[in-house]
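Some notes on the structure that comes next.
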Amino acid sequence: MKRLPYLLAALLLAALPARALSPYGRECISLGGQWNYIIDPMDTGIYKYQMQLQKQHKRYFADRHFYQDKSTLIEYDFDHSPTLQVPGDWNSQAEKLYYYEGSVWYRRKVDFHPVAGKRWFLYFGAVNYKCMVGLNNTILGTHKGGFTPFCFDVTDVLKEGENSLVVWVNNTRGASEVPTVNFDWWNYGGITRDVLLISVPEVYIRDWRLRFDGSEVAIDVFLDGGKKPVTVEIPELGINKKACACKDGKASFRFKVSAELWSPGNPRLYDISISSGEDRITDRVGFRTIRVEGDRILLNGKPVFLKGVAVHDETISVNPGRCRNMEDARALLETAKDLGCNFLRLAHYPHSEQMVRLAEEMGFMLWEEIPCYWNIDWSSEETYANAENQLLEMIGRDANRAATIIWSVANETPRTPERLAFLGRLIAKARETDPTRLVSAAIQKDKPDFYHPVIDDELNRLTDLVSFNQYIGWYDGKPADCDSVVWTVPPGKPVVISEFGGGALYGNHGSDSELFTEEYLELLYRKNIGMMEKIPGLSGICPWCLKDFRSPKRPLPGIQDDFNRKGLVDEQGRRKQAFGVVKEYYASR
Ligand code: GCU
């Protein structure tokens with residue numbers, strides 16, 4: 024990766040925004056729509072031609088395109104530049120951006136009319152991979168990490184009338200980034216999730232956290248701007264409680280409830296409102312417990328088998344891209360529901376909040392993950408800080424979601440002391456931040472003995488589950504070999520197969536010994552299911568993957584064409600024969 028000059032790198036870290044205020048249950052103005060953009064492969068908007076930093080980024084953050092002074096040399100003019108849809112990745116929107124990795128400058132004009140006594144936050148659902156945000160020529164700050172929300176307080180920067188919002192986005196991969204330079208999905212760049220203006224009163228509810236232990240509810244509410252009484256109401260449960268945030272801006276509630284418990288079979292949610300002074304937010308919450316007992320996973324105290332599938336955040340479409348809205352999420356979730364799933368592994372990075380909330384309504388338990396994927400820079404403190412920040416932003420966003428049962432800190436990472444130390448810190452941080460959920464990581468099987476694979480990764484001592492990816496019948500041997508493979512797994516913990524499967528091109532039919540035919544994939548699934556059923560402590564499986572997805576590592580003409588073909592459905596949602604094998608198995612479970 025090109026090292027940004029120290030000043031800019033410091034800016035990228037120093038100006039990290041406040042943890043995102045949630046837009047849900049609040050009055051928001053959407054800034055989605057067509058934004059002008061300028062592609063900037065050489066970061067001309069950041070560097071002078073001698074490669075020194077632009078002083079105030081005048082070239083891009085200036086408003087001068089508003090007064091068209093013909094005598095001034097202008098070479099970068101948003102008003103006469105093309106547009107991109109926001110939210111949305113740029114790769115799937117313009118042919119010339121298909122593979123693009125680099126900087127793009129976005130600009131949107133914002134008409135604004137201030138309201139007395141209100142504060143305003145500019146919220147981004149996600150920007151991949153790093154960005155710098157400017158409003159009316161003022162740099163608000165930066166963010167790094169492509170899949171979690173962030174926001175800036177813009178109360179004192181917004182002005183009456185027309186405002187100029189400019190966002191520099193760069194999706195260049197980097198050896199010390201998270202993820203690193205090598206990963207098996209498309210590096211979709213851009214403002215990929217919602218951009219909103221959130222208004223709150225001077226004293227407002229910054230955050231709140233709900234925990235449930237099976238009978239007692241604990242709710243902590245955090246105010247900013249003052250210390251006032253807080254009211255929590257859950258009308259259907261007859262809850263109307265008051266507490267004061269008068270000491271340190273935090274109001275704590277503890278009360279018993281006898282609620283219908285949330286589960287995939289009964290995804291019961293209750294309306295909740297939290298108010299303080301002039302602020303009031305509403306949400307819907309579910310009550311459930313999750314824990315492990317020996318080699319079983321207990322949901323609401325009863326053993327549960329995770330009938331899962333792994334999902335990438337990518338639309339079902341002939342021209343897929345990042346999911347942009349509830350409809351995109353619903354198309355994926357309805358496919359998973361038809362498969363008979365009660366569990367989703369949202370791989371390999373936090374998916375949208377729309378996806379998580381809709382999954383909760385539809386009754387899916389969720390594995391959520393940060394992209395410590397393959398071999399990241401385990402020795403870099405900056406890389407660790409980035410990974411931890413992404414973990415905290417993911418937990419901060421979804422900690423009140425009943426659907427989320429597992430936080431995962433990694434996928435297929437090498438067994439080195441540096442990796443164990445790095446992931447050990449992340450696991451400890453996850454438990455400290457949220458002691459109510461399970462913590463895991465998808466490991467990979469070691470090679471030594473094909474027919475007697477042993478899972479003995481030291482990471483398993485730190486996680487609640489033994490989760491591993493295996494590809495018997497695809498990368499390792501043939502489907503029929505499954506009949507002779509005997510797994511050895513650590514005793515006393517639930518086992519979740521976090522990935523298995525193989526590739527097939529939808530509609531490609533032939534012998535079940537011919538790679539990439541649907542018949543081969545069907546046989547692979549039948550054989551794998553038989554093999555996995557014999558694993559002691561098996562508590563869940565996740566076919567890799569629900570849907571064929573774009574990857575630059577999968578070019579095989581006529582078969583892959585830039586798609587990883589391990590989906591149970593193809594990129595258009597067309598079901599392969601293997602879909603029926605999994606559906607039948609889940610129905611029988
Ligand atoms: C790995 C990896 C996935 C990848 C898959 C594959 O297990 O975790 O991200 O897509 O294998 O090779 O298809």
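Reading the sequence shown from the start, the letters are residues 24 to 612 in my numbering. Quick reminder that beta carbons are idealized off the backbone N, C-alpha and C, glycines included.
Here V508 is buried: its Cβ has 16 or more other Cβ atoms, across all protein chains shown, within 10 Å.
Non-local beta-carbon contacts of C346 in its own chain, meaning distances under 8 angstroms to residues more than five positions away in sequence, involve D336, E337, T338, A352, L355, H374, S375, Q377 and M378 in chain order.
In this structure, the alpha-carbon of E607 lies about 19 angstroms from that of P502.
Nearest to D100 by C-alpha distance, out of I61, N114, I582 and L163, is I61.
Exclusion of the five residues before and after R424 leaves V379 and E383 as the residues of its chain whose Cβ lies within less than 6 angstroms of its Cβ. Excluding its 5 nearest sequence neighbours in each direction, G553 has C-beta neighbours in its own chain below 8 angstroms: C505 and D506, listed in chain order. Under DSSP, no beta-bridge partner is assigned to L544. Going by beta carbons, R420 and S115 fall outside the 9 angstroms limit. Of the candidates W128, D236 and G197, W128 places its Cα closest to the Cα of T106. In this structure, L546 keeps its C-beta atom at 9 angstroms or more from the C-beta atom of K570. Distance from the Cα of L482 is smallest, within the candidate group I297, W497, Q57 and S431, for S431.
Boundaries of the alpha helix (DSSP H) harbouring E416: E404 to D421, taken from the DSSP string. For the pair N551 and G248, the Cα-to-Cα distance works out to about 57 angstroms.
Setting aside the 5 residues that flank it on each side, Q595 is surrounded in the same chain by V341, each with a C-beta closer than 6 angstroms to its C-beta; the list follows chain order. In this structure, D207 has its CB closer than 8 angstroms to one or more heavy atoms of ligand 1. When DSSP states are grouped into helix, strand and coil, T358 belongs to the helix group.
With a cutoff of 9 angstroms on beta-carbon distance, G317 and K516 are scored as near each other.
Assignment of G111 by DSSP, reduced to helix, strand and coil, places it in the coil class. With a cutoff of 8 angstroms, Q583 does not count as near ligand 1, since its C-beta is closer than that to no heavy atom of the ligand.
In this structure, ligand 1 has no non-hydrogen atom nearer than 8 angstroms to the beta-carbon of N210.
Taken in chain order, the unbroken stretches of beta strand (DSSP E) that lie wholly in the segment 169-202 and span 3 residues or more are 173-176 and 184-193. Within the same chain, and ignoring the five residues on either side of P326 in sequence, the residues whose Cβ sits closer than 6 angstroms to its Cβ are R319. When only Cα atoms are considered, G148 and P290 end up about 25 angstroms apart. Distance from the CA of W510 to the CA of G496, rounded to the nearest whole angstrom, comes to 15 angstroms.
With a threshold of 16 other beta carbon atoms within 10 Å, F473 falls short and is exposed.
Within the chosen limit of 8 angstroms, ligand 1 does not reach the beta carbon of W390 with any heavy atom. With a minimum length of 4 residues, the unbroken runs of alpha helix (DSSP H) contained wholly in the segment 363-408 fall at 376-385. Set against 8 angstroms, the gap from the CB of N492 to the closest heavy atom of ligand 1 is smaller.
With a 10 Å radius around the Cβ and a threshold of 16 neighbouring Cβ atoms, M65 comes out exposed.
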